[in-house]
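K.L.:
All letters in the sequence shown, in the order written, are residues 279 to 688 by the working numbering. Note that CB positions come from ideal geometry on N, CA and C, so glycine has one too.
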Amino acid sequence: MTLMLKSGSIEILGKKVRVGERIIVHKLKSYPVIALEDSEIDLTMVNEAQIKRLEEDEAYFKWVKVAEEIAGTGGRVVVVLGEVDSGKSSFTTLVLNKALEAGLKPALVDADVGQADVAPPGYVSLAYPDEQVLWNRSLKPVRMLFVGDIKPQKRSDAIIASVKRLVETALSDGRSPVVVDTDGWIKDVGAVLYKFRLVAEVKPDFLVYMGGADTCFKLFEKMGVRYRLLGSPAVKKTRDRSERREYRSDRYREFFANAPLVKLSIDELLILDIPVLQGLKTSLGDERVVYSSLLAGKYFVVAKGDARRVYEDLSSTLGRDKVVVYPYGFERGLYVSLVDDSGLECPGLIERVDFSSNTLYVRTPCTGIKPRLIKGSSIRLTEDFHEEYIDKSAWESPGQDHTVTPAPPG
Ligand SMILES: Nc1ncnc2c1ncn2[C@@H]1O[C@H](COP(=O)(O)OP(=O)(O)OP(=O)(O)O)[C@@H](O)[C@H]1O
Ligand SMILES: [Mg+2]
Numbered sequence: 279m280t281l282m283l284k285s286g287s288i289e290i291l292g293k294k295v296r297v298g299e300r301i302i303v304h305k306l307k308s309y310p311v312i313a314l315e316d317s318e319i320d321l322t323m324v325n326e327a328q329i330k331r332l333e334e335d336e337a338y339f340k341w342v343k344v345a346e347e348i349a350g351t352g353g354r355v356v357v358v359l360g361e362v363d364s365g366k367s368s369f370t371t372l373v374l375n376k377a378l379e380a381g382l383k384p385a386l387v388d389a390d391v392g393q394a395d396v397a398p399p400g401y402v403s404l405a406y407p408d409e410q411v412l413w414n415r416s417l418k419p420v421r422m423l424f425v426g427d428i429k430p431q432k433r434s435d436a437i438i439a440s441v442k443r444l445v446e447t448a449l450s451d452g453r454s455p456v457v458v459d460t461d462g463w464i465k466d467v468g469a470v471l472y473k474f475r476l477v478a479e480v481k482p483d484f485l486v487y488m489g490g491a492d493t494c495f496k497l498f499e500k501m502g503v504r505y506r507l508l509g510s511p512a513v514k515k516t517r518d519r520s521e522r523r524e525y526r527s528d529r530y531r532e533f534f535a536n537a538p539l540v541k542l543s544i545d546e547l548l549i550l551d552i553p554v555l556q557g558l559k560t561s562l563g564d565e566r567v568v569y570s571s572l573l574a575g576k577y578f579v580v581a582k583g584d585a586r587r588v589y590e591d592l593s594s595t596l597g598r599d600k601v602v603v604y605p606y607g608f609e610r611g612l613y614v615s616l617v618d619d620s621g622l623e624c625p626g627l628i629e630r631v632d633f634s635s636n637t638l639y640v641r642t643p644c645t646g647i648k649p650r651l652i653k654g655s656s657i658r659l660t661e662d663f664h665e666e667y668i669d670k671s672a673w674e675s676p677g678q679d680h681t682v683t684p685a686p687p688g
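Spelled out as structure tokens, the structure:
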């Protein structure tokens, strides 16, 4: 759906829309549109597009009050919590827009590694908006820190450490308010404990909980945190699992589709979380083996032909739990992060490893970066940027599922 303001004045998530400006409403989004005076808009509605009137008691009106309170009282750090689709990211946008309107220099820390708006999935990122936007996706990352997974459950401590670093970076760059947008994993005990640790580490001035009903996060008032409870929008577009997966694919595509290929020498790099590239090179005297390395007493092998067969043959002499065999070409599409000496990070997609020359070919949008470190993950992207898990294509001791299947949605 598109919207064009013909006359008057309207505001969307705190962004002032100019007469003649054309707003595209993406199929995954819905927006509260507030007319500040009698206004005329042109709408082009396609497919399932809908328009509804906001009720007087719509939660959004309280959002605006809280966003203005944050911008008006010099709140330095704000953490936004809530369930999936509760409006966390949209409220974050509203706070950033209100802060810009008040002449402040806000920052966003996007801590939602599963539905990242600023960086590609798997990163916690920092953005410095200098103009009002409708979707945090339009903001460019100034720093990205890879946590290596799209599920916060698996990497909660890494997320907390990254958020803390980026909040400190933003504050030392003179940015305020710094708004932390989080993932929607909040309902089970593990999730609540994770979010408690996150908030305790970040020590925000404001803690905003989206979702209507009071929660134990109110306890943070003990630390002097201003806790604000907000409702979720009465009418909104929600995202199902497959739309969430598609959104991630879109984000990978945006960063990698036109990314140039760079050539790196493995001998000059430190590699994390890709054991086959970390062990000491060794020889197994089997002509099907293209490369093998030994790490903590286990052989990590890349082999041509039937990987299962090679596994059976090698493990019969080396031991069943002493061998992992990856099929030749397993590394294609492996999702990694390239890190330079100063700690700057940039996403990378491995195209291939030439084991004879120890050369890594990787696609990255940041050609200027001189990587010293590669942070690996077990995510592999297909040609059309869908996620698979690399362990699923490797052969190792029994009890593993050896079929390549798409990653479960986060
Ligand atoms: N005030 C609002 N009025 C109408 N629609 C809204 C409003 N706030 C958010 N939405 C829509 O509701 C959906 C969920 O909002 P949003 O993405 O902000 O939530 P979230 O809590 O960040 O979700 P996630 O857990 O996926 O990160 C989106 O489609 C968004 O465009
Ligand atoms: Mg969100």
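Which whole-angstrom value describes the C-beta separation of residue 373 and residue 457, a residue pair presumed to lie in contact below a C-beta threshold of 8 angstroms?
P.N.:
Their Cβ separation, rounded to whole angstroms, is 5 angstroms, which keeps residue 373 and residue 457 in contact under 8 angstroms.
K.L.:
Who are the Cβ neighbours of residue 568 in its own chain at under 7 angstroms, not counting the five residues just before and after it?
P.N.:
580, 581, 582, 606 and 633, listed in sequence order.
K.L.:
Quick one: is residue 538 buried, meaning 16 or more other Cβ sit within 10 Å of its Cβ, or exposed?
P.N.:
Exposed, by the Cβ-count rule.
K.L.:
When DSSP builds the beta bridges, which residues end up paired with residue 625?
P.N.:
Paired residue(s): 615.
K.L.:
Assuming residue 316 and residue 286 form a contact by the criterion Cβ under 8 angstroms, report the distance between their Cβ atoms to the nearest whole angstrom.
P.N.:
About 6 angstroms separates the two Cβ atoms, so the contact holds.
K.L.:
May I ask whether a heavy atom of ligand 2 can be found less than 8 angstroms away from the beta carbon of residue 395?
P.N.:
Checking every heavy atom of ligand 2 against the Cβ of residue 395, one is found closer than 8 angstroms.
K.L.:
Does at least one heavy atom of ligand 1 sit under 8 angstroms from the Cβ of residue 310?
P.N.:
Within the cutoff, so yes.
K.L.:
In terms of alpha-carbon separation, which member of 548, 431 and 552 lies closest to residue 604?
P.N.:
Considering only alpha carbons, the answer is 552.
K.L.:
Between residue 398 and residue 625, how many whole angstroms is the CB-CB distance? I'm expecting something under 8 angstroms.
P.N.:
Contact holds; Cβ gap of about 5 angstroms.
K.L.:
For residue 488, name the three-state secondary structure that DSSP assigns.
P.N.:
Three-state DSSP puts residue 488 in a strand.
K.L.:
Take the Cβ of residue 410 as the centre, count every other Cβ of all protein chains shown within 10 Å, and call the residue buried at 16 or more, exposed below.
P.N.:
Buried, since its Cβ has 16 or more Cβ neighbours within 10 Å.
K.L.:
With a threshold of 8 angstroms (Cβ to nearest heavy atom), would residue 462 be considered close to ligand 2?
P.N.:
Answer for residue 462: yes, Cβ within range of ligand 2.
K.L.:
With which residues is residue 280 paired in a DSSP beta bridge?
P.N.:
Per DSSP, 302 and 322.
K.L.:
Helix, strand or coil for residue 578, going by three-state DSSP, please let me know.
P.N.:
Residue 578 falls in the strand class under three-state DSSP.
K.L.:
Give me the Cα-Cα distance between residue 463 and residue 362, rounded to the nearest whole angstrom.
P.N.:
Using only the alpha carbons, I get a separation of about 7 angstroms.
K.L.:
Would you kindly work out how many angstroms separate the C-alpha atoms of residue 732 and residue 400, rounded to a whole number?
P.N.:
Limits of the chain in this structure are 279 at one end and 688 at the other, which puts residue 732 out of reach.
K.L.:
Can you list the alpha helix (DSSP H) stretches of 4 or more residues lying completely in the region 352-437, in chain order?
P.N.:
Qualifying alpha helix (DSSP H) stretches, in chain order: 366-379.
K.L.:
Using the Cα positions of residue 523 and residue 643, report the straight-line distance between them to the nearest angstrom.
P.N.:
Rounded to the nearest angstrom, the two C-alpha atoms are 22 angstroms apart.
K.L.:
Reducing DSSP to helix, strand and coil, say where residue 473 ends up.
P.N.:
Of the three classes helix, strand and coil, the one that applies to residue 473 here is helix, per DSSP.
K.L.:
Quick one: does the C-beta of residue 369 sit closer than 8 angstroms to a heavy atom of ligand 1?
P.N.:
Residue 369 Cβ: within cutoff of ligand 1.
K.L.:
How would you call residue 599, buried or exposed, if buried means at least 16 neighbouring beta carbons within 10 angstroms?
P.N.:
The residue in question, residue 599, is exposed, as its Cβ has fewer than 16 Cβ neighbours within 10 Å.
K.L.:
Compute the Euclidean distance between the alpha carbons of residue 688 and residue 429, then round it to the nearest angstrom.
P.N.:
Low per-residue confidence applies at residue 688: pLDDT is 44, beneath 50, and the placement is therefore not dependable enough to give any value.
K.L.:
With a floor of 3 residues, list each beta strand (DSSP E) that falls wholly inside the region 542-613, ordered by position along the chain.
P.N.:
Runs found: 548-550, 567-573, 576-581 and 601-605.
K.L.:
Check this for me: beta carbons of residue 572 and residue 560, under 9 angstroms apart or not?
P.N.:
It is a contact, given that the beta carbons lie within the stated cut-off.
K.L.:
Please find out if some non-hydrogen atom of ligand 1 comes closer than 8 angstroms to the beta-carbon of residue 338.
P.N.:
Under cutoff, so the answer is yes.
K.L.:
DSSP three-state call for residue 520: helix, strand or coil?
P.N.:
Residue state, collapsed to three classes: helix.
K.L.:
Given 8 angstroms as the limit, is there contact between the region 496-503 and the region 305-319, that is, 3 or more CB pairs closer than that?
P.N.:
Judged by Cβ distances under 8 angstroms, the region 496-503 makes no contact with the region 305-319, as fewer than three pairs qualify.
K.L.:
Using only alpha-carbon positions, find the residue among 333, 629, 455 and 337 that is nearest to residue 482.
P.N.:
That would be 455, whose Cα lies nearest to the Cα of residue 482.
K.L.:
Is it true that the region 331-341 meets the region 413-428, where meeting means three or more beta-carbon pairs spaced less than 8 angstroms apart?
P.N.:
Flag = no, the region 331-341 and the region 413-428 do not touch.
K.L.:
Enumerate in chain order the residues of its own chain whose CB-to-CB distance from residue 302 is below 7 angstroms, with the five nearest sequence positions on each side excluded.
P.N.:
Correct list, in chain order: 280.
K.L.:
What does the Cβ neighbour count give for residue 434, buried or exposed, with the cut at 16 atoms within 10 Å?
P.N.:
Result: buried.
K.L.:
Would you please state the rounded distance, in angstroms, between the beta carbons of residue 387 and residue 441? I believe it to be under 8 angstroms.
P.N.:
The pair is a contact, with the Cβ atoms about 6 angstroms apart (cut-off 8 angstroms).
K.L.:
Going by the C-beta, is residue 366 closer than 8 angstroms to any heavy atom of ligand 2?
P.N.:
Answer for residue 366: yes, Cβ within range of ligand 2.
K.L.:
Short of 7 angstroms in beta carbon distance, which residues of its chain neighbour residue 312, apart from the five on each side in sequence? Order them along the chain.
P.N.:
Excluding sequence neighbours, residue 312 sits near 288 and 289.
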